[in-house]
Amino acid sequence: MSASAPVTPAKKIRSSPTTTPRKQLQEDKILVTVRVRPLTPRELASYDLIAWDSPDDNTLVSRNLNRHNALGTYTFDKVFDQSCSNKKVYEQGAKDVAFSAINGINATIFAYGQTNSGKTYTMRGIADNVIHDIYAHIHNAVESKFVLKFSALEIYNENVIDLLNRDCAPLRLLDDPEKGTIVDKLTEEVVNDAQHLRRLISACEAQRQVGETSLNDRSSRSHQIIKLSIESLLQDASGRVRSLLASLSLVDLAGSERAAQTNADGARLKEGSHINRSLLTLTTVIRKLSGGKKSGHIPYRDSKLTRILQSSLGGNARTAIICTMSPALSHVDQSRNTLSFATSAKEVTNNAQVNMVVAEKQLVKDLQKEVTRLKAELLSPEPSSSKCLRSLLREKEHIIQQMEREMNELKRERDLAQSQLEVARKLQKETKEPIQCVPSRQVAKCLSFSSENVSELSERKAHRRRRPLRQSTASIDPSTLVHEIRKLEMRQRQLGQEANHALELLHKEVSSHRVGNKDAAETIAKLLSDIKDMHANISLIPDDIEVKEKGNLKEEIGRLISEENTIASLEEKLENVQKSLDKLVLYNGEEDPDSRTPLKKKKTLPFKMSNNGSMPNFIRSPCSPAPSNLHGVENRNPESRGLLSPVNISQNKRTDEVTKITPISASKHPNSVDVRKIQMMFKTAAEDNIRSIKSYVTELKERVAKLQYQKQLLVCQVLELEEANDGGSDDTDLGGQTPIPRHLVFEDQRKQIIMLWHLCHVSIIHRTQFFMLFRGEPADDIYVEVELRRLTWLEQHLSEFGNASPALLGDEPAGPVASSIKALKQEREYLAKRVSTKLSAEEREMLYKKWDIPVEGKQRRRLQLVNCLWTDPLNMVNVKESAEIVAKLVGFCESGEHASKEMFALNFVNPSDKKAWMGWNLISNLLHL
Ligand SMILES: Nc1ncnc2c1ncn2[C@@H]1O[C@H](COP(=O)(O)OP(=O)(O)OP(=O)(O)O)[C@@H](O)[C@H]1O
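Throughout the sequence shown, residue numbering follows our numbering, covering 666 to 1594 in sequence.
As structure tokens, this is what we get:
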């Protein structure tokens, strides 16, 4: 080996003892570097600004400190600025790790970053340099022989595709007790030389899924993993051949993306959601590993990407991650997410091992040689040592005999297993029944495919989970979906008209409240301007939508999505109006201490109930159907619901009433009325009016949120329908497999739901009701499917806001995530208040003891107890007990009159069905929009 040949530094590998153990362990952290690419021509053309500085080789600083974190400074093993070449990135960010593979240590190098940030550009550079250096090393290491094998795969829409054999069906992942996750039947080709290797890599690149998005003309739509197995054979001084076997994986991930930024729809949107989902699992795995929680549950199995990369993430490999990012100000949020990921990755420790292969045959040969040597020694004339040598000889012979016995036993077991399998296969052929017999434990242990059964089982479970949904969607006629879309649009317009009308009245009422101090006046002025803005916004919702005779589903969805912005800003405005109203209520309350109490009470409710705040109704929430007086609220106009007037009167009557009870007349003719009388009138009337307007705004918000949710659900349905029409590849190879018992499928789904509730910060009252109502009866299947699907969508939706859910990365959570967390906190506070009324003193004491709540202030103890509930989604005991306690606190019991499974029903109905979608009454509670 030449002196200049790169080697893994000595400190990184422990020296090899003479009696060679097969593996030597070393612990080291993932090498994390960040590469900032130059501005692209597109960014330059739009006069984008540079948002980051790199004062030295390890530091990245945000130029705008106020907008980002307090420090705005990130440090990594290396930071490569825009001027750095691929060569430099390779030399300083990958070479050392790559060369571990030559020394028998598995190595992985991957690029992570937002779409269009330069991952493919960087990984191409790494691959080029690696090939050059590895072959230079091989050329110089004359004493060793190398065998290189190449394989490549991509993960596209959660399917594993062989890039050397694209035409074959998607590949399965199997669990090997020795090697970890392996890709079944992945083609491997022996590499002849550097040229050959380059050709193989470019052939695979050409096969890879790429597509055009608005950010990148050639965006990678899949994760690509190129694997180079390197076996080096070295004869040592004693003539023994040692073989080191390791793999070098070069991973080019697909980029995280926001649908809004890439303008993705249809297939691109679907690809994007698969990409984001697997990246989310990757960030969760990294975050958990970085917290030093190796002993806890690490969700490697949640995506194929993390399953395949498992050994590179906290396992038997050395790993380098190059995080790529755009310097542009317009991508600053995405870049921050990348930096958060990189920061977590820095803390992850791997346990790399030197993989030494000593062939069984070689070992026997060695031992036989040793015996011969010892025999020869015995025969030599040295009596003093002969006794000791004889015993040594006996020992060696004994070892050889033992090994032979073991080998024979293994052979026998293998033959037995094979013959059992043959019999089972014959039986299966004859009876056409799936194999029912399970190999004996011992046989199963020595069968190489035993772990395959485990992974197959979970694959099939997952498949069965998907199948009913696909079937249910596939049976929907596309015209039904078009009809549903139209219905939504109608409701949207109706909502706009209602809001317009209501806002006119609101404007009138608010403009008459010219009372209170300067702050109140300012609040009123702001409220008026918000109302005016909202007016403008609502008029942007198209009144009439041109509908073609034969509606195209994609166009329909496209249009729905394009209206999203108007709805989103309407929601924002509603939020503002509500805030101003809250302030107004406060000022009015200050005027009259008597009126403050009821208002204050209302404000502390965790959910702002529409129309009334009565407790029984609240407790039926958040997923109960609307109480009878609200039934059908969806399709009625505000007049008939009396939302604007506290006395619930018709439109005509109300105008008179408002004139009578509100101080509009007073403000118009300030000198003609008794001021004291007006003040008295105002105190009661204004307070009531404000409360009803506030209720109205709240309800409007809820309905907008519902509408949004229905839209998203439709988009999902359309995507499912398309997938079903395409004939999903997952369906192909399941013929003749044993069906999984229903209860196992249910348990599996329930666990997923519980985890998703946790990740999405869903209301714990909702969790409790669902958990207690659905216990795995056949009729529950559809509800469980819908809940799972809804939550999966919600999780994606939330993660899109923060790319890979920032809440998971310990970053500052984005909008909807933050408000979900806030609402959950309020809900817990509300439940804590009920602890003393709903639980007896004995029950409380028992619970404090059981849940280890230390004795402190009364209030804090109750809150502490409630804060422990629903906090450990992996612990079913915690889940069950939490549900029982929350059920007690809200007065919910399974057989109670309030408990009805139908209240969880969703809109999969035929258009002929007149029942309005009532889904989650307080859907805003879940979406927190
Ligand atoms: N360091 C760099 N220097 C010059 N150009 C670069 C650099 N990094 C990336 N680019 C250019 O930026 C564009 C996007 O790069 P690339 O395709 O590698 O991004 P990506 O992160 O792989 O995107 P996606 O995730 O969408 O596949 C390309 O035109 C590429 O040539």
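A virtual CB, placed ideally from N, CA and C, is assigned to each residue, including glycine.
Kindly examine ligand 1 and report whether one of its heavy atoms sits closer than 7 Å to the Cβ of residue i.
| i | result |
| --- | --- |
| residue 1428 | no |
| residue 786 | yes |
| residue 758 | no |
| residue 884 | yes |
| residue 780 | yes |
| residue 783 | yes |
| residue 989 | yes |
| residue 1003 | no |
| residue 705 | yes |
| residue 845 | no |
| residue 737 | no |
| residue 831 | no |
| residue 920 | yes |
| residue 702 | yes |
Considering Cα atoms alone, identify which of the options is closest to residue i.
| i | options | result |
| --- | --- | --- |
| residue 1551 | 1450, 1436, 874, 1526 | 1436 |
| residue 796 | 813, 977, 841 | 813 |
| residue 663 | 968, 699, 1486, 826 | For the chain, the structure presents residues 666 to 1594; residue 663 sits outside this window and is missing. |
| residue 867 | 847, 774, 785, 946 | 785 |
| residue 972 | 1194, 694, 823 | 823 |
| residue 1461 | 889, 1502, 938, 908 | 938 |
| residue 856 | 850, 849, 864 | 864 |
| residue 1484 | 1530, 1536, 1425 | 1425 |
| residue 1058 | 902, 985, 1041 | 1041 |
| residue 737 | 704, 1452, 997, 946 | 997 |
| residue 1018 | 983, 950, 727, 1193 | 983 |
| residue 711 | 1449, 994, 1416, 1066 | 994 |
| residue 774 | 884, 917, 815 | 917 |
| residue 620 | 1003, 749, 977, 1012 | No information on residue 620 is available, as it lies outside the stretch 666 to 1594 that the chain covers here. |
| residue 919 | 944, 907, 901 | 944 |
| residue 977 | 908, 762, 815 | 762 |
Leaving out five residues on either side along the sequence, give the residues of the same chain with a beta carbon under 8 Å from the beta carbon of residue i.
| i | result |
| --- | --- |
| residue 912 | 766, 771, 772, 892, 893, 894, 895 |
| residue 754 | 698, 700, 745, 787, 790, 791, 987 |
Would you report the Cα separation of residue i and residue j, rounded to the nearest angstrom?
| i | j | result |
| --- | --- | --- |
| residue 792 | residue 828 | 16 Å |
| residue 953 | residue 1075 | 39 Å |
| residue 1526 | residue 1533 | 11 Å |
| residue 1491 | residue 1497 | 10 Å |
| residue 1029 | residue 1020 | 20 Å |
| residue 817 | residue 975 | 17 Å |
| residue 1605 | residue 1069 | Residue 1605 lies beyond the residue range present for the chain, which begins at 666 and ends at 1594; the question has no answer from this structure. |
| residue 955 | residue 1186 | 52 Å |
| residue 1454 | residue 1418 | 9 Å |
| residue 1515 | residue 1541 | 16 Å |
| residue 820 | residue 1538 | 29 Å |
| residue 826 | residue 836 | 6 Å |
| residue 886 | residue 873 | 8 Å |
| residue 1043 | residue 897 | 37 Å |
| residue 936 | residue 694 | 32 Å |
| residue 1427 | residue 1440 | 19 Å |
| residue 1457 | residue 805 | 54 Å |
| residue 963 | residue 1014 | 14 Å |
| residue 921 | residue 947 | 11 Å |
| residue 1511 | residue 1500 | 13 Å |
| residue 1107 | residue 1066 | Confidence in residue 1107 is poor, its pLDDT being 33 and thus under 50, which makes the residue's placement unreliable; the coordinate value appears in the next sentence. When rounded, the distance between both Cα atoms is 23 Å. |
Which residues in the same chain have their Cβ closer than 6 Å to the Cβ of residue i, if we skip the five residues on either side of it in sequence?
| i | result |
| --- | --- |
| residue 702 | 783 |
| residue 859 | 796, 800 |
| residue 1543 | 1537 |
Leaving out the 5 sequence neighbours to the left and right, which residues in its chain are closer than 7 Å to residue i when beta-carbon positions are compared?
| i | result |
| --- | --- |
| residue 807 | none |
| residue 830 | 852 |
| residue 713 | 704, 993, 994, 995 |
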